[in-house]
């Protein structure tokens, strides 16, 4: 262990002097050591590689704090411990504000197999469209589904621009109401 | 060839870091850095004392309390020196966490000695020990001088980009507040009452809280 630490100390001192090859050798050599400590601190593989990369970036930022002649392992272990704690805290914060949705991961190559609820959604949309007047339906279809400009939609449908705007607004309002009623049932 | 597990992003990061490495000057040992910084802080305190001094207020305090006041000031100075030194040790990775407790003994002694002084004063002057003296001025003095004395300390500590900035900031805050309180005694011609002591403690707490609150912009942690 002392031999290993001496070697790391020499490589890191050379890196402080700007020796890129020694620095590469140092970072490559210490990575398994960093990974092993991170694995112990995080109780598993999850997030280990993130911590390893965070540690390498931190080592780069604070390499001037290594005092030549002192052991490298405690210096490095303290950085790994800190970054592991940061990683666990980050995970805790994420878990507190995000919800796990198992369906989100069920993605298949065949689009139809992706979402068993898509048929229900299409039927619900059709039901809501049925509740609209023909002019509202036409305005919504041209502007929102076919993505025409108001002027183009006006030319195609014969409705004025103002009338199109009013019909789209009322259509969306009515559909929202229908969706809320569906949800309440 | 080594048998280490290959991980592309990590290997790429190593390539990137090692190809962009620039020479850096290693930081001096924490004790040396603390010594230089404390010398600057004490010099600043000396200049402030020389500029603001009117007479020697310590002489106007009760002669019977001279020993107690001396011990109290020694405890303040020890708290300041040990807290600042501990902050430098904890600003670099891998140093003993025991440094966190280093200033606690003199800090405890300081509060105990101050409390004893207040108690003696209260016995001597009946209810005067509970009276509100120049407490608000003391609070302002400690906070303002902590900010002034803290400037070189923050600059020197930030050079280490501490990976765990909270204990470094808290110790730095305690150190500067203790040194400011030490300096305050030279401008404190009246005995400390319990209310004064509570204000002194409040001032120290404010300084530590400010240091903890602004630890990131001040210390620029890695």
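Protein chains in written order, with our numbering: chain Z, 1 to 185; chain P, 1 to 222. For every residue, glycine included, the Cβ atom is placed at its ideal position computed from N, Cα and C.
Sequence-distant residues of the same chain with beta carbon closer than 6 angstroms to residue i, five excluded per side
{"i": "residue 91/P", "result": "157, 160, 162, 168"}
{"i": "residue 212/Z", "result": "Past the edges of chain Z, shown from 1 to 185, lies residue 212/Z, and the structure says nothing about it."}
Other residues of its chain near residue i: CB distance less than 8 angstroms, five sequence neighbours each side excluded
{"i": "residue 152/P", "result": "37, 40, 41, 44"}
{"i": "residue 16/Z", "result": "63, 64, 66, 68"}
{"i": "residue 212/P", "result": "166, 169, 170, 173"}
{"i": "residue 131/Z", "result": "174, 175, 178"}
{"i": "residue 68/P", "result": "113, 116, 117, 120"}
Integer-rounded CB distance, given that residue j should sit under 8 angstroms from residue i
{"i": "residue 114/P", "j": "residue 199/P", "result": "Their Cβ separation, rounded to whole angstroms, is 11 angstroms, which puts residue 114/P and residue 199/P out of contact at 8 angstroms."}
{"i": "residue 8/Z", "j": "residue 29/Z", "result": "7 angstroms"}
Own chain, CB closer than 7 angstroms to residue i, minus 5 neighbours either side, in chain order
{"i": "residue 93/P", "result": "163"}
{"i": "residue 176/P", "result": "146, 149, 150, 153, 207"}
For residue i, the nearest candidate out of the options (CA to CA)
{"i": "residue 120/P", "options": "193/P, 30/P, 201/P, 207/P", "result": "193/P"}
{"i": "residue 68/Z", "options": "123/P, 137/P, 27/P", "result": "27/P"}
{"i": "residue 118/P", "options": "172/P, 97/P, 197/P", "result": "197/P"}
{"i": "residue 161/Z", "options": "28/Z, 70/Z, 142/Z, 42/Z", "result": "142/Z"}
{"i": "residue 170/P", "options": "124/P, 218/P, 148/P", "result": "218/P"}
{"i": "residue 222/P", "options": "130/Z, 146/Z, 57/Z", "result": "57/Z"}
{"i": "residue 45/Z", "options": "166/Z, 168/Z, 87/Z", "result": "87/Z"}
{"i": "residue 13/P", "options": "182/Z, 51/Z, 152/Z, 180/Z", "result": "51/Z"}
{"i": "residue 112/P", "options": "201/P, 50/P, 155/P, 51/P", "result": "201/P"}
{"i": "residue 142/P", "options": "210/P, 96/P, 101/P, 99/P", "result": "210/P"}
{"i": "residue 76/Z", "options": "129/Z, 128/Z, 38/Z", "result": "38/Z"}
{"i": "residue 182/Z", "options": "127/Z, 10/Z, 150/Z", "result": "127/Z"}
{"i": "residue 178/P", "options": "155/P, 138/P, 122/P, 216/P", "result": "138/P"}
Min CB distance residue i to chain C below 8 angstroms
{"i": "residue 22/P", "result": "You won't find chain C in this structure, because its protein chains are Z and P."}
Rounded C-alpha distance that separates residue i from residue j
{"i": "residue 155/Z", "j": "residue 170/Z", "result": "21 angstroms"}
{"i": "residue 33/Z", "j": "residue 2/Z", "result": "14 angstroms"}
{"i": "residue 66/Z", "j": "residue 72/Z", "result": "8 angstroms"}
{"i": "residue 124/Z", "j": "residue 174/Z", "result": "13 angstroms"}
{"i": "residue 14/Z", "j": "residue 6/Z", "result": "12 angstroms"}
{"i": "residue 95/Z", "j": "residue 89/Z", "result": "10 angstroms"}
{"i": "residue 87/P", "j": "residue 35/Z", "result": "29 angstroms"}
{"i": "residue 148/Z", "j": "residue 99/Z", "result": "37 angstroms"}
{"i": "residue 144/Z", "j": "residue 24/P", "result": "60 angstroms"}
{"i": "residue 70/P", "j": "residue 17/P", "result": "54 angstroms"}
{"i": "residue 139/Z", "j": "residue 176/Z", "result": "16 angstroms"}
{"i": "residue 122/Z", "j": "residue 136/Z", "result": "19 angstroms"}
{"i": "residue 172/Z", "j": "residue 165/Z", "result": "11 angstroms"}
{"i": "residue 53/P", "j": "residue 186/P", "result": "8 angstroms"}
{"i": "residue 46/P", "j": "residue 195/P", "result": "28 angstroms"}
beta-carbon residue i near the ligand MG non-hydrogen atom, thresh 7 angstroms
{"i": "residue 136/P", "result": "This structure does not include the ligand MG; it has no bound ligands of any sort."}
Next item on the list: Could you tell me whether the region 80-99 of chain Z touches the region 177-193 of chain P, where touching means 3 or more Cβ pairs closer than 8 angstroms?
Entry: no
Check: Any chance the region 99-119 of chain P sits against the region 72-90 of chain P, with 3 or more Cβ pairs inside 8 angstroms?
Finding: The region 99-119 of chain P is in contact with the region 72-90 of chain P.
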